Amino acid sequence: MKKFVVITGASSGIGYATAKAFAKRGKNLILVARRKNRLEEVKKEIEDSFSGIEVITKSCDLSDIPTAYSLYEELRSYSIETWINNAGFGDYASVSQQNLEKIENMLKLNIETLTILSTLYVNEYRDVSGTQLINLSSRGGYVLVPNAATYCATKFYVSAFTEGLAHELKASGAKLKAKILAPAATKTEFGKLANNTQDYDYDKKFGQYHTSEQMADFLLHLYDSEKTLGIVDWETFEFKLEEPQMNYAGNSIHNQKHDVSIHDDLYERVVSHDDHHNKDSK
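Once you know that position 209 of the sequence shown is 416 in the working numbering, the rest is easy, because the numbers rise by one and skip nothing.
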């Protein structure tokens, strides 16, 4: 059975560049984004440029939580070797001036949808060899940026959630790897949306930035590595592969006692429920 790489937010920016980078490696793709016409353009471009690549598109708004569940159910019939949660957006405004309707959608997309899709994928592919979950955080998921407190908070969540998941998977001997990509300034449509403007000049706003193609290349370096975190240095803009950076209590005597039998029973029920997918044989 064919294997696929799922990329959300794939119609532009890092998601679009990442789709082309994986296609160059011969990977079949499932591309998810809101703009149907743009997705079809990307599909045609990739299939015309890379012979033998199958590209499936799914047009949906992932800031709608029920849609996230529906999307995953639609993809259960495919064998997914890598899931990349790239969809997300930012907001540059003080907390006192931020638009709450925009903030609500940002919280849903950056946090809730990412958690739902990550959880569903981990439940199904936890013990499938060669699988990876890569979540897009930000350098703002490790350092607070002026006038971006809420956006940074969403990305701190992504970093903490994914680092914690990586520890959890490693401790349980799971075959699935969870990883985080943390870009700094990258020239995409992000700047326009975050600043609520159609006129955004990265050359004027930043002394340094990366292109989407550079970030896609960094993502592939992370994909190929055994490290958990791929992060851009705040000062030098050098890309580095690192171990998780957040403090982790590990086996502290002050932790809540973990009932292994309850955890194992829950996991067995999840696996039993999904056995008919038989992913290990794919």
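Each residue gets a CB set at the ideal place from its N, CA and C atoms; glycine is no exception.
Note that this is a predicted model, so its numbers are computed, not measured.
So, using beta-carbon positions, are residue i and residue j closer together than 7 angstroms?
{"i": "H374", "j": "Y276", "result": "no"}
{"i": "N342", "j": "N292", "result": "yes"}
{"i": "I318", "j": "T357", "result": "no"}
{"i": "V439", "j": "P390", "result": "yes"}
{"i": "K362", "j": "S344", "result": "yes"}
{"i": "K394", "j": "T369", "result": "no"}
{"i": "A499", "j": "M453", "result": "Because the chain is modelled from 208 through 489, residue 499 falls outside the range shown and cannot be assessed."}
{"i": "K210", "j": "S258", "result": "no"}
{"i": "L436", "j": "I387", "result": "yes"}
{"i": "Q463", "j": "F444", "result": "no"}
Based on DSSP bridge pairs, tell me the residues matched to residue i.
{"i": "F211", "result": "N235 and I287"}
{"i": "L376", "result": "According to DSSP, L376 bridges with nothing at all."}
{"i": "T393", "result": "H417"}
{"i": "Q339", "result": "T289 and K384"}
Kindly list the residues whose CB is nearer than 7 angstroms to the CB of residue i, restricted to its own chain and excluding five residues on each side of it in sequence; keep chain order.
{"i": "D268", "result": "R241 and T274"}
{"i": "A226", "result": "I214, A217, L236, L238, V249 and I253"}
{"i": "S468", "result": "Note that S468 scores a pLDDT of 46, beneath 50, so its modelled location is shaky; the value from the coordinates is reported in the next line. Answer for S468: no residue qualifies."}
In the DSSP assignment, find the unbroken alpha helix (DSSP H) run with residue i in it and report its ends.
{"i": "L321", "result": "L321 to Y332"}
Can you find the residues in the same chain that come closer than 6 angstroms, C-beta to C-beta, to residue i, ignoring five residues on each side of it along the sequence?
{"i": "G222", "result": "I214, G216 and N293"}
{"i": "V212", "result": "F229, K234, L236 and T289"}
{"i": "T320", "result": "L269 and A275"}
{"i": "R333", "result": "A381 and L383"}
Could you give the first and the last residue of the continuous beta strand (DSSP E) run that contains residue i?
{"i": "F413", "result": "Run containing F413: none; DSSP gives neither H nor E here."}
{"i": "I438", "result": "L436 to V439"}
{"i": "L448", "result": "F446 to E449"}
Is the beta carbon of residue i within less than 6 angstroms of some heavy atom of the ligand NAD?
{"i": "L236", "result": "Within the structure as shown, the ligand NAD is missing, as the structure has no ligands at all."}
Give me, in chain order, the residues of the same chain whose beta-carbon lies closer than 8 angstroms to that of residue i; leave out the 5 immediate sequence neighbours on both sides.
{"i": "I323", "result": "I272, A275, Y276 and Y279"}
In chain order, each alpha helix (DSSP H) run of at least 4 residues that lies wholly inside the segment 238-317: 243-256, 272-281 and 307-314
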